[in-house]
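Down below is the structure, laid out as structure tokens.
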Amino acid sequence: MFALGMYAVIGFAMRTQLVPSLPRTRIGMTAEVSALPEVTAAPQVLTLFDPKTRSRVVLVGTMHFNPYSIALARGVVETEAAAGRLRAVAVESCPSRWNATLYAQPPGSMLRLVCDNEMQAAAEAAEAEGVSLALVDQTIEEVGRRVVQMAALTFVELLTPWNGGWSRIGEDLAIALRQVGGGDDGTDGASLGVNAFLDPRILAGLPLSLIRYPLSIGLKSPALLSAIALAFYGTYMLDMATEDSLGEFAGAAAFAVVETIFLGRLLLVVLLEERNFVLARNIRKACFASKKPGGSIVAVLGMAHLNGVAALLRDSRVV
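Pasting the structure below:
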């Protein structure tokens, strides 16, 4: 408990250093918003008009469990509410994950402070403003099923290049990478650029993010964290077992390439591209459900999803 208490103090100190905390104002906006002028113009925020629902959609890109991202997510929700536009808030989660989150770290608990995160911050801001919350991510059960399917398919296609296997893998990776990519510097306003990811305010909180993320997974899904750790340990032991002879070095290099392609396809296709379609479709459903044309929906997502989701909504490629 002492360690958790110290960790909470460190997290709070970083939060107050990055975003000074002041009393709430009359219009309900916290000082975090005041410390972030024009939050909707931040490089991690994309604002677009959804032609199908005639709604304003504000996409907030986050570096999960990052103090600046947390303040930004909360700030955008409160800014839209103060302007009288806010109709709903959408977060990158599903019912199973959300229930596990609320069970492991309920509002007001020590673990809620220790594992402070953007999704709960946005949800709590939505509740304070009296607007609905939408869970717009693919279910964790479906993600797990697709990971198994894609792993089996990739294994087969790596072994059958003469049957177009390598070509299909390359096409999948190219499509997924295009969804991640955006403007070179983000100044076009239509996509996130590298400046959004390399924002000093984001980078300052990165060490805390890297601690909070596995801690949160461990609290909610110990078995999943153990499986991930075992996979990385196995890869590490394989690398350590490789001797320095030229033949074994070539074999290790080939294994590393295959491993990168294998994991890359799982990450970019199953965990990114496919979920982008689900996120975009459910954000649009939240727009329809608000039944108030002209209002805004704030969607809080991981930054890697923003460009793909924005493109899908702009092009009306999802129902």
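Following the numbering used here, the numbering of the sequence shown begins with 990 at its first residue and continues without gaps.
The C-beta atom is built at its ideal place from N, Cα and C for all residues, glycine as well.
These figures come from a predicted structure and were not determined experimentally.
Would you list the residues sitting across from residue i in a DSSP beta bridge?
i: Phe1038; result: Arg1045
i: Thr1051; result: Gly1291
i: Leu1124; result: Val1080
i: Leu1075; result: Ser1285
Out of the options, point me to the one whose CA is closest to residue i's CA.
i: Val1080; options: Leu1257, Ile1059 and Gln1094; result: Ile1059
i: Val1125; options: Val1267, Val1046, Gly1050 and Thr1068; result: Val1267
i: Leu987; options: Ala1093, His1053, Ala1163 and Glu1160; result: This structure gives no information on residue 987, because the portion of the chain shown stretches from 990 to 1308.
i: Lys1280; options: Leu1252, Ser1121, Glu1107 and Val1049; result: Ser1121
i: Glu1130; options: Arg1167, Asp1188 and Cys1083; result: Cys1083
i: Val1049; options: Ala1093, Glu1160, Ala1110 and Gly1159; result: Ala1110
i: Ala1300; options: Gly1283, Leu1148, Phe1038 and Pro1032; result: Phe1038
i: Pro1096; options: Ser1085, Ala1077, Val1078 and Glu1116; result: Glu1116
i: Phe1093; options: Val1137, Ile1206 and Ala1193; result: A quick correction: the sequence has Ala, not Phe, at residue 1093. The shortest Cα separation from Ala1093 among Val1137, Ile1206 and Ala1193 belongs to Ile1206.
i: Val1028; options: Thr1042, Pro1040, Lys1041 and Gly1064; result: Gly1064
i: Glu1107; options: Arg1157, Ser1085, Val1078 and Val1132; result: Val1078
i: Leu1208; options: Val1103, Leu1075, Phe1277 and His1294; result: Val1103
i: Val1034; options: Ala1140, Phe1277, Asp1188 and Leu1261; result: Asp1188
i: Ile1272; options: Pro1203, Leu1302, Ala1163 and Asn1055; result: Leu1302
Count the other C-beta atoms from every protein chain shown that fall within 10 angstroms of the C-beta of residue i, then say buried if there are 16 or more, exposed otherwise.
i: Tyr1057; result: buried
i: Gly1297; result: buried
i: Asn1088; result: exposed
i: Met1292; result: buried
i: Ala1123; result: buried
i: Ser1098; result: exposed
i: Arg1190; result: buried
i: Asp1173; result: Residue confidence for Asp1173 is low, a pLDDT of 45 falling below 50, so the modelled location carries little weight and cannot support an answer.
i: Ser1305; result: exposed
i: Gly1283; result: exposed
i: Pro1313; result: Any property of residue 1313 remains undetermined from this structure, which presents the chain solely from 990 to 1308.
i: Gln1138; result: exposed
i: Ala1030; result: exposed
i: Arg1076; result: buried
i: Ala1163; result: exposed
Quick one: Cα of residue i to Cα of residue j, how far?
i: Thr1128; j: Arg1135; result: 11 Å
i: Val1201; j: Ala1071; result: In the sequence under discussion, the amino acid at residue 1201 is Arg, which differs from the Val named in the question. Each residue's alpha carbon lies about 31 Å from the other.
i: Ala1114; j: Trp1151; result: 54 Å
i: Val1046; j: Thr1036; result: 6 Å
i: Glu1067; j: Val1289; result: 13 Å
i: Phe1144; j: Gly1153; result: 13 Å
i: Ser1010; j: Asn1265; result: Because Ser1010 carries a pLDDT of 35, less than 50, the predicted location of this residue cannot be relied on, and the following value inherits that uncertainty. Rounded to the nearest angstrom, the two C-alpha atoms are 34 Å apart.
i: Ala1020; j: Glu1069; result: Residue placement at Ala1020 is flagged as unreliable, the pLDDT there being 37, under the threshold of 50; a coordinate-derived value is accordingly withheld.
i: Arg1101; j: Leu1148; result: 46 Å
i: Lys1274; j: Gly1159; result: 32 Å
i: Arg1043; j: Phe1186; result: 30 Å
i: Leu1199; j: Leu1192; result: 11 Å
i: Val1132; j: Thr1090; result: 17 Å
i: Val1061; j: Asp1105; result: Sequence inspection shows Leu at residue 1061; the Val mentioned does not correspond to that position. So the alpha carbons of these two residues sit roughly 13 Å apart.
i: Thr1051; j: Ser1156; result: 33 Å
i: Ile1286; j: Val1258; result: 26 Å
i: Arg1015; j: Gly1119; result: Any reading at Arg1015 is ruled out, since the residue's pLDDT is 31, under 50, leaving its predicted position unreliable.
i: Arg1086; j: Pro1032; result: 28 Å
i: Leu977; j: Ala1278; result: Missing from the structure shown is residue 977; the chain here goes from 990 to 1308 and no further.
i: Pro1203; j: Asn1055; result: 13 Å
i: Asn1184; j: Ala1140; result: 33 Å
i: Leu1256; j: Glu1263; result: 10 Å
i: Ser1180; j: Arg1167; result: 12 Å
i: Ala1112; j: Cys1276; result: 17 Å
Residue ranges of each alpha helix (DSSP H) within the segment 1080 to 1120, 4 or longer: 1084 to 1093, 1099 to 1103 and 1107 to 1118
Start-end ranges of the alpha helix (DSSP H) lying completely within the segment 1174 to 1209, minimum 4 residues: 1183 to 1186, 1189 to 1193 and 1195 to 1209
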